[in-house]
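S.K.: Have a look at this one before I ask anything.
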Amino acid sequence: MSEGNRTFIAFLGEEICRDVRRDRRTVKLLHELGWKVVVIWECETKKEASLRKVVTSRIAKRKIFPNYLK
Numbered sequence: 051m052s053e054g055n056r057t058f059i060a061f062l063g064e065e066i067c068r069d070v071r072r073d074r075r076t077v078k079l080l081h082e083l084g085w086k087v088v089v090i091w092e093c094e095t096k097k098e099a100s101l102r103k104v105v106t107s108r109i110a111k112r113k114i115f116p117n118y119l120k
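For what it's worth, my numbering labels the leading residue of the sequence shown as 51, then goes sequentially.
Written out as structure tokens, the structure reads:
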């Protein structure tokens, strides 16, 4: 693997870590304000039928991703 590829992969890893930390802070804040948060990844929104199924399932289960509250 070239040095450029390693640098890019390292950058992506850092970017993803920052995004996860930001998302956790946001979910925790919303939870503290009394909101129930359902996390839906962008890749889950590509097909309407799949999105409907994901939303329905997560709401029915009240899946709020407790790991985001740590």
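From the three backbone atoms N, C-alpha and C, an ideal C-beta is built for every residue, glycine too.
Note that the structure is predicted; figures quoted are calculated from it, not measured.
1) Are the Cβ atoms of ARG112 and LYS86 separated by less than 9 Å?
2) Hey, VAL105 and ILE90: beta-carbon distance below 9 Å or not?
3) Taking the alpha helix (DSSP H) that ARG108 falls in, what are its first and last residues?
4) In the structure shown, what three-state DSSP assignment does VAL77 receive?
5) GLY54 by DSSP, collapsed to three states: which one?
M.R.: Based on what the coordinates show:
1) yes
2) yes
3) 98–111
4) helix
5) helix
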